[in-house]
Every structure is written in structure tokens, then in C-alpha cells.
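Numbering (this note's numbering), first residue to last: 1 to 142.
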Amino acid sequence: MKSVSREKLEAELKGTTLRVYITMLKLSKPVGVRELQRIMGFRSPNTALYHLEKLRRLGLVDKNIEGEYLVVREAKVGQLLFFTKIGSLMVPRFLFYAVFFTVFLLSYLIMEKPNLYAILASGLAAAFFWVETIRAWMNKIF
């Protein structure tokens with residue numbers, strides 16, 4: 001597997017190629033050219049093959065002996081920087097911080113005598129991370 005610079009990945013991994021890559025990340029299994037063509041709604045298997053070979057040249061996918069392609073490396077470029085893969089789900093990275101500050105705020109309100117500054121600080125942090133989580137989710141391309 002060859003090492004490709006981050007700049008080259010950012011330049012090459014966009015548009016339909018990025019959508020193909022994200023679809024393969026979600027599938028988490030080897031996928032053939034015709035199967036990818038059907039999943040992506042391409043008119044021709046050559047379109048799927050073009051994008052798969054482009055991903056292979058970038059070192060992100062590899063071809064097995066059955067002729068199927070499998071993701072071998074995760075690239076964090078573009079919108080993928082703001083998402084984390086959990087199983088077959090892609091969730092906004094800010095979700096973990098939003099949940100943490102929300103649980104912290106609720107636990108604090110239940111266990112301690114309320115302090116206005118602590119409530120304000122954790123409430124603002126929770127609100128900020130929930131807004132960023134929702135923005136990332138609404139602007140996702142997949």
C-alpha cells in the first residue's frame with residue numbers, strides 16, 4: 001500500500017469519488033463493481049470501476065482475489081474530519097462532547113447545590129456542542 005500525501009487525498013477525494021468511499025465505509029464489507037453500480041445508481045459499471053480504481057490508486061481500497069474492493073485505510077479529509085465511524089454509522093464527532101456536557105449538567109443539578117456559574121458554563125458548553133452536532137448532521141453529504 002502506497003502512502004499518499006494529505007494534500008493529494010484532499011484534492012482527489014471529492015464529489016462522486018468521496019460518495020463512493022463513504023458508501024464503502026458504511027458497508028464495511030468487500031464490494032464488487034456491479035454491486036457498487038447498483039448501490040450508487042450508476043448507469044454503467046465502468047463508472048463504478050473508475051471510482052474504485054481511483055480509490056485504489058490513492059491507497060484507500062484494495063482489490064481481493066475475487067475482484068471485490070475493500071476499504072483498507074480511513075482518510076479523514078473534508079467532511080469526514082467531523083464524523084466518527086461506529087459500526088456502520090457515521091456520527092458527528094461533536095455528539096460525544098454534547099452528550100458528556102449534558103450528562104454532566106444533569107448530574108450536577110441532581111447531586112449538588114446549584115451554583116449559577118457552574119450551571120451557566122456547562123449549559124452553554126452543552127448548547128454549543130448540540131448546535132455543532134446538529135449543523136454537522138444537517139450539512140453531511142452522505
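Every residue gets a Cβ at the ideal spot worked out from N, C-alpha and C, and that includes glycine.
Here the structure is a predicted model, which is why all the values come from computation and not from measurement.
{"Check": "Close-in-space but distant-in-sequence residues of the same chain around Ala75 (CB under 7 Å, 5 per side omitted)", "Outcome": "Leu9, Leu13 and Leu60"}
{"Check": "Bounding residues of the beta strand (DSSP E) (the contiguous stretch that carries Phe82)", "Outcome": "It is not in any beta strand (DSSP E) - Phe82 carries neither H nor E in the DSSP assignment."}
{"Check": "Buried or exposed (CB count within 10 angstroms, at least 16 for buried), Ala121", "Outcome": "exposed"}
{"Check": "Phe82 and Pro92 closer than 8 Å at C-beta", "Outcome": "yes"}
{"Check": "Beta-carbon gap between Gly78 and Leu27 smaller than 8 Å", "Outcome": "no"}
{"Check": "Chain-order list of residues whose beta-carbon lies under 7 Å from that of Phe94 (same chain, five-residue window excluded)", "Outcome": "Phe129, Glu132, Thr133 and Ala136"}
{"Check": "Buried or exposed (CB count within 10 angstroms, at least 16 for buried), Phe96", "Outcome": "exposed"}
{"Check": "Closest by C-alpha distance to Glu53, when choosing among Tyr69, Ala98, Val99 and Gly123", "Outcome": "Tyr69"}
{"Check": "Simplified DSSP state of Val4, which is helix, strand or coil", "Outcome": "coil"}
{"Check": "Opposing strand residues paired with Pro92 [DSSP bridges]", "Outcome": "Phe83"}
{"Check": "Endpoints, alpha helix (DSSP H) assigned at Lys63", "Outcome": "Counting along the chain, Lys63 falls outside any alpha helix (DSSP H), though it belongs to the beta strand (DSSP E) covering Val61 to Lys63."}
{"Check": "Val72, DSSP secondary structure in three states", "Outcome": "coil"}
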